[in-house]
Amino acid sequence: MRTLFLLSLVFIILSGCASEKLSPAEVVRENYRAMETEDIQLYRKTVTGARESTADTLLVMFFNEYDVAYSIDSIETIGELGDIAQVRTVVTATDRGGPNKFHDNRMVAIHKLRLDRGKWKIFYSEIEKPTLLEKVEVAAE
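Right under this line is the structure:
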């Protein structure tokens with residue numbers, strides 16, 4: 004009986020550890036959330052390679068100039084093979100009134116991820132030419 008209890012406890016602990024690993028699509032969602040909330044530490048947890056090593060400098064500069072909201076219109080994992088995955092997103096990025104004008108746009112991106120110490124991380128993103136969005140001014144009545 005004690006052995007069964009210990010095996011059950013080990014299974015619960017291991018199941019809990021396994022559930023902490025985010026799927027490739029969840030990592031991409033977290034990446035956009037980090038960009039929207041201007042959370043550099045969270046951003047660094049979602050990327051690897053050159054993106055991670057340059058995040059502090061580039062993101063601080065970007066966040067000082069722009070305030071952008073990101074809305075994920077669609078997200079899908081288009082492939083996962085071994086330690087490589089690809090996630091396709093359609094995202095709308097809109098200006099929230101930072102010091103410089105950000106041009107509202109919709110972009111399609113393919114994010115390439117790889118397992119890095121057991122966790123999915125983005126190492127490259129291919130972005131199609133963004134579609135600029137027109138702001139619709141609402142007249143006061």
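Count along the sequence shown from 1, add 3, and you get the number used in the working numbering. We treat Cβ as the ideally placed atom computed from N, Cα and C, and that holds for glycine.
(message) At the level of alpha carbons, what is the spacing between asparagine 34 and glutamine 44?
(response) When rounded, the distance between both Cα atoms is 10 Å.
(request) Buried or exposed for isoleucine 125, please, with buried defined as at least 16 other CB atoms from any protein chain shown within 10 angstroms of its CB. (result) Buried, by the Cβ-count rule.
(message) Report the CB separation of isoleucine 94 from methionine 110 in whole angstroms; it is logged as a contact under 8 Å.
(response) According to the sequence provided, residue 94 is valine. The question's isoleucine does not apply to it. Indeed, because the Cβ distance is near 6 Å, the residues count as touching under 8 Å.
(request) Spell out a yes or no on whether the region 65-80 and the region 27-42 are touching, meaning 3 or more CB-CB pairs, one atom from each, closer than 8 Å. (result) Note that the region 65-80 touches the region 27-42; at least 3 beta-carbon pairs, one per stretch, sit closer than 8 Å.
(request) Hey, could you find the ends of the alpha helix (DSSP H) arginine 46 is sitting in? (result) It is tyrosine, not arginine, that sits at residue 46 in the sequence shown. Counting along the chain, the alpha helix (DSSP H) containing tyrosine 46 begins and ends at 43-49.
(request) Flag this pair as touching only if the region 95-108 and the region 44-56 have three or more C-beta atom pairs under 8 Å; answer yes or no. (result) Contact between the region 95-108 and the region 44-56 is absent: fewer than three C-beta pairs spanning the two stretches fall below 8 Å.
(request) State yes or no: is the C-beta of glutamate 137 within less than 8 Å of the C-beta of asparagine 103? (result) Going by C-beta atoms, glutamate 137 is not nearer than 8 Å to asparagine 103.
(request) May I ask you to list the residues that DSSP assigns as paired with valine 71? (result) Beta-bridge pairing links valine 71 to Asp98.
(request) Let me know if leucine 61 comes out buried or exposed under the rule of 16 or more other beta-carbons within 10 Å of its beta-carbon. (result) Per the 10 Å Cβ criterion, exposed.
(request) Would you please state the rounded distance, in angstroms, between the beta carbons of threonine 80 and alanine 112? I believe it to be under 8 Å. (result) With 8 Å as the limit, threonine 80 and alanine 112 do not qualify as a contact, their Cβ atoms being about 13 Å apart.
(request) Would you mind sorting leucine 84 into buried or exposed? The rule is 16 or more other CB atoms within 10 Å of its CB. (result) Classification of leucine 84: exposed, given that the 10 Å Cβ count is below 16.
(request) Excluding the 5 residues preceding and the 5 following valine 31 in the sequence, name in chain order all residues of the same chain whose CB lies nearer than 8 Å to its CB. (result) Taking valine 31 as the centre and dropping the five residues before and after it, the same chain places the C-beta of Thr49, Ile78, Val90, Thr92, His114, Leu116, Ile125 closer than 8 Å to its C-beta, in chain order.
(request) Spatial neighbours of leucine 25 within its chain, please: CB distance less than 8 Å, with the 5 preceding and 5 following residues excluded, ordered by chain position. (result) Correct list, in chain order: Glu33, Lys122, Trp123.
(message) Between Ile87, Leu135, Met64, Val63, which has its C-alpha nearest tyrosine 127's C-alpha?
(response) Minimum Cα-Cα distance from tyrosine 127 among the listed residues Ile87, Leu135, Met64, Val63 corresponds to Ile87.
(message) Check this for me: beta carbons of threonine 51 and aspartate 119, under 8 Å apart or not?
(response) Yes, they are a contact pair.
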